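Take a look at the structure below.
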Amino acid sequence: MAVEITRTPSSNGNQKIWTWSAWVKKATVGMGSGDYQQLFTANVGNQSRYTDIYFREDYFEVFGGLYSTSSTSVDINVSTNRVFRDPSSFYHLVVAVDTTQSTAADRVKIYVNGVQETSLKNYQGSTVVYPGQNNNTFMNVTTAENRIGASGGSYPFKGLMTHIHFIDGTAYPASTFGETDSTSGIWKPKTAPSVTYGTNGFFLKFENSGNLDLDSSGNNHTFSTSGTLTQNVDTPSNNFAVMNPLDNYYTVNSFSNGNTTVTTPNSGYSGAIGGMGASAGKWYFEFKPISKTGDADEYAVGITGAPVTSTNQPHWKLATGYMYGAVNGNVFNNDSGATYGNTYTAGDIIGVAMDLDNNKLYFSKNGTFQNSGVPTSGSTGTGATSITAASSTITGFYIPCCAFSSNSYGAVMAFNFGSGYFQTTAVTSANADGNGIGAFEYSVPSGYYALCTKNIKEFG
Numbered sequence: 011m012a013v014e015i016t017r018t019p020s021s022n023g024n025q026k027i028w029t030w031s032a033w034v035k036k037a038t039v040g041m042g043s044g045d046y047q048q049l050f051t052a053n054v055g056n057q058s059r060y061t062d063i064y065f066r067e068d069y070f071e072v073f074g075g076l077y078s079t080s081s082t083s084v085d086i087n088v089s090t091n092r093v094f095r096d097p098s099s100f101y102h103l104v105v106a107v108d109t110t111q112s113t114a115a116d117r118v119k120i121y122v123n124g125v126q127e128t129s130l131k132n133y134q135g136s137t138v139v140y141p142g143q144n145n146n147t148f149m150n151v152t153t154a155e156n157r158i159g160a161s162g163g164s165y166p167f168k169g170l171m172t173h174i175h176f177i178d179g180t181a182y183p184a185s186t187f188g189e190t191d192s193t194s195g196i197w198k199p200k201t202a203p204s205v206t207y208g209t210n211g212f213f214l215k216f217e218n219s220g221n222l223d224l225d226s227s228g229n230n231h232t233f234s235t236s237g238t239l240t241q242n243v244d245t246p247s248n249n250f251a252v253m254n255p256l257d258n259y260y261t262v263n264s265f266s267n268g269n270t271t272v273t274t275p276n277s278g279y280s281g282a283i284g285g286m287g288a289s290a291g292k293w294y295f296e297f298k299p300i301s302k303t304g305d306a307d308e309y310a311v312g313i314t315g316a317p318v319t320s321t322n323q324p325h326w327k328l329a330t331g332y333m334y335g336a337v338n339g340n341v342f343n344n345d346s347g348a349t350y351g352n353t354y355t356a357g358d359i360i361g362v363a364m365d366l367d368n369n370k371l372y373f374s375k376n377g378t379f380q381n382s383g384v385p386t387s388g389s390t391g392t393g394a395t396s397i398t399a400a401s402s403t404i405t406g407f408y409i410p411c412c413a414f415s416s417n418s419y420g421a422v423m424a425f426n427f428g429s430g431y432f433q434t435t436a437v438t439s440a441n442a443d444g445n446g447i448g449a450f451e452y453s454v455p456s457g458y459y460a461l462c463t464k465n466i467k468e469f470g
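Here the numbering used here is used: the first residue of the sequence shown is 11, the next is one more, and so on.
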């Protein structure tokens with residue numbers, strides 16, 4: 011079900027000057043022709059009059075006008091030439107509108123990660139359509155319902171959104187809402203930007219777990235939410251690992267729940283890799299097989315230092331691929347299995363602890379490390395599987411991976427990289443790592459950390 015947050019303004023505001031700003035992390039890439047994912051819209055009567063902000067295919071677009079069976083006109087049609095195909099990172103997107111400007115190109119400005127986009131088109135690839143000087147944009151009127159995340163339940167955005175600002179009456183640049191971190195050089199949010207929100211302005215932080223659609227602008231606007239909002243620790247200030255649909259070698263896997271769930275096809279080998287890895291340090295994540303359509307428990311989870319190059323080559327067949335198999339409890343590497351631990355099946359939770367400082371790998375089943383493993387044993391590697399140093403792998407680092415092997419059946423497999431969820435079900439224990447980050451079902455071994463940008467910067 012699409013999650014949609016709505017509010018209809020109770021009074022008219024400024025239709026000529028406004029700003030929208032949000033941080034988004036896409037879960038889908040390679041959107042097909044005609045595909046839409048709505049971020050924000052002001053809409054009346056089945057799109058009879060509207061201003062939309064959305065992804066059209068993989069482009070970011072601002073579009074507005076009149077649509078009806080008898081008359082159609084376009085007032086705004088501004089789209090980026092650049093595409094948005096990174097499912098592992100947050101984008102900061104800003105739309106600043108001021109139709110009072112004498113120069114047409116100054117009437118609609120788009121910023122991405124702090125930089126104004128200058129390579130623009132309309133959605134058909136031709137001349138940009140800017141609103142006429144002093145034109146109204148059909149924003150901030152009492153007849154136009156504001157919709158966040160979908161449009162009347164249609165065209166849902168698939169991914170994460172946070173720090174959504176709407177400003178009524180001022181066109182702000184991106185620097186109002188974000189800044190460059192002096193240490194990392196990464197563009198990050200200003201948590202309390204200095205802005206004047208105006209009559210219909212709002213600020214949705216999604217930080218109050220008991221009231222996720224709370225307006226923090228000071229206007230105290232009330233929103234209605236359909237569907238279930240899920241609070242996430244994955245934020246622009248600390249970006250967590252997810253699985254990577256761009257590296258979907260087998261082409262027929264599907265990804266959901268913010269790319270933390272992988273559904274494999276009903277044939278042959280299939281697998282997926284993460285979108286974030288490490289070359290040093292000690293890291294922990296959890297894996298939970300959810301279901302299969304038949305056959306044996308041919309689940310496998312682990313890490314890989316190289317990509318697959320053949321459709322009948324799961325990561326365990328690689329020289330630097332190491333995976334714990336469910337059906338027999340073996341650890342597989344280089345197409346060879348070694349006795350390791352217990353078997354597992356749907357509903358069990360497998361912990362993966364990779365020590366890249368000592369080149370050791372450990373697996374737990376429902377909180378118990380297999381093979382009498384002791385992840386804190388350092389170079390001794392008690393109960394560990396020894397792995398090739400990350401520096402000697404093809405990629406130079408290790409990334410999470412999973413697989414399901416069957417000639418005629420598929421599976422659903424979920425990861426928890428610290429978000430605190432398997433699919434949409436929250437963990438019951440919520441154990442953080444030693445840096446106070448993440449929410450895992452089982453205790454994180456001392457000295458091991460969640461795969462996220464803050465931890466990688468500090469410990470990687």
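Quick reminder that beta carbons are idealized off the backbone N, C-alpha and C, glycines included. Here the structure is a predicted model, which means the values were calculated and not measured.
Is residue j closer than 9 Å to residue i when the C-beta atoms are compared?
i	j	result
Cys462	Gly448	yes
Gln25	Asn123	no
Thr186	Val205	yes
Tyr46	Val54	no
Met149	Leu49	no
Ser236	Val13	yes
Ala424	Lys302	no
Met253	Ala282	yes
Phe450	Ala460	yes
Ser192	Ser418	no
Gly391	Asn368	yes
Val105	Val138	no
Ala475	Gly268	Limits of the chain in this structure are 11 at one end and 470 at the other, which puts residue 475 out of reach.
Gly285	Asp257	yes
Trp30	His173	no
Asp68	Val93	yes
Phe432	Asn426	yes
Gly169	Pro97	yes
Ser497	Asn91	Residue 497 lies beyond the residue range present for the chain, which begins at 11 and ends at 470; the question has no answer from this structure.
Gly361	Glu296	yes
Lys198	Tyr458	no
Met333	Gly312	yes
Tyr309	Ala336	yes
Nearest CA to the CA of residue i: which residue from the options?
i	options	result
Ser320	Lys370, Glu127, Tyr279 and Gly357	Tyr279
Tyr101	Ala202, Lys35 and Trp293	Lys35
Val39	Trp30, Asn340 and Ser266	Ser266
Tyr350	Val125, Phe379, Asp365 and Lys467	Phe379
Ser247	Thr201, Asn352 and Gly220	Thr201
Ser346	Gly331, Ala356, Asp178 and Ala460	Gly331
Ser176	Arg92, His231, Glu67 and Val138	Reading the sequence as shown, one finds Phe at residue 176 and not Ser. The residue with the shortest Cα to Cα distance from Phe176 is His231.
Val272	Met286, Ile300 and Gly291	Ile300
Ile15	Ala306, Ser164 and Thr398	Ser164
Ala115	Gln143, Tyr133, Arg95 and Leu103	Gln143
Phe342	Ile397, Lys467, Ser31 and Gln134	Ile397
Leu103	Asn221, Glu127, Asn91 and Lys467	Glu127
Ala290	Arg95, Gly383, Thr353 and Ile409	Ile409
Thr353	Ser31, Gly339 and Gly406	Gly339
Thr18	Thr113, Gly162 and Ser136	Gly162
Ala181	Leu222, Ile120, Asp358 and Phe216	Ile120
Leaving aside the five residues before and after residue i along the sequence, list all residues of the same chain whose C-beta is less than 7 Å from its C-beta, in chain order.
i	result
Phe117	First, the amino acid is wrong: residue 117 is Arg here, not Phe. These residues qualify, in order along the chain: Val107, Asp108, Thr109, Gln111, Tyr140 and Pro141.
Pro455	Tyr294, Ala363, Pro385 and Thr386
Gly23	Asn150, Asp178, Gly179, Gly208, Thr209 and Asn210
Thr274	Asn263, Ser280, Phe414, Gly420 and Ala421
Gly406	Ser289 and Ala400
Thr79	Caution applies to Thr79, whose pLDDT of 47 falls short of 50 and renders its modelled position unreliable; the value that the coordinates give is listed next. Nothing listed; no residue qualifies.
Sort out for me which residues DSSP pairs residue i with in a bridge.
i	result
Pro203	Answer is none; Pro203 lacks a bridge partner.
Pro326	One detail in the question is off: residue 326 reads as Trp in this sequence, not Pro. BP columns for Trp326 are empty, so no partner.
Pro299	Met423
Thr415	Rather than Thr, the amino acid found at residue 415 in this sequence is Ser. DSSP output for Ser415 lists Tyr279 as bridge partner(s).
Gly75	Tyr60 and Val84
Gly284	Met253
Leu214	Ile174 and Asp225
Pro410	Ile313
Ser129	Paired residues: none, contrary to the question.
Skipping 5 residues on each side, what residues in its chain have a beta carbon closer than 8 Å to that of residue i?
i	result
Val243	Phe250, Gly428, Ser429, Gly430, Ile447, Gly448 and Ala449
Asp225	Phe212, Phe213, Leu214, His231, Thr232 and Phe233
Ser99	Lys35 and Asn249
Asn218	Leu224
Ile404	Gly315, Ala316, Pro317 and Thr330
Gln323	Tyr279
CB-CB under 6 Å to residue i, same chain, minus the five flanking residues each way: which ones, in chain order?
i	result
Gly75	Ser83, Val84 and Asp85
Lys464	Asn248
Ile27	Asp108, Gly179 and Ala181
Ser20	none
Counting pairs of Cβ atoms below 8 Å between the stretch 372-390 and the stretch 399-418, do you hit three or more?
-> Under the Cβ criterion (8 Å, minimum of three pairs), the stretch 372-390 does not count as touching the stretch 399-418.
Quick one: any contact between the stretch 82-93 and the stretch 150-165, if contact means 3 or more CB pairs under 8 Å?
-> In this structure the stretch 82-93 does not touch the stretch 150-165; the number of beta carbon pairs closer than 8 Å is below three.
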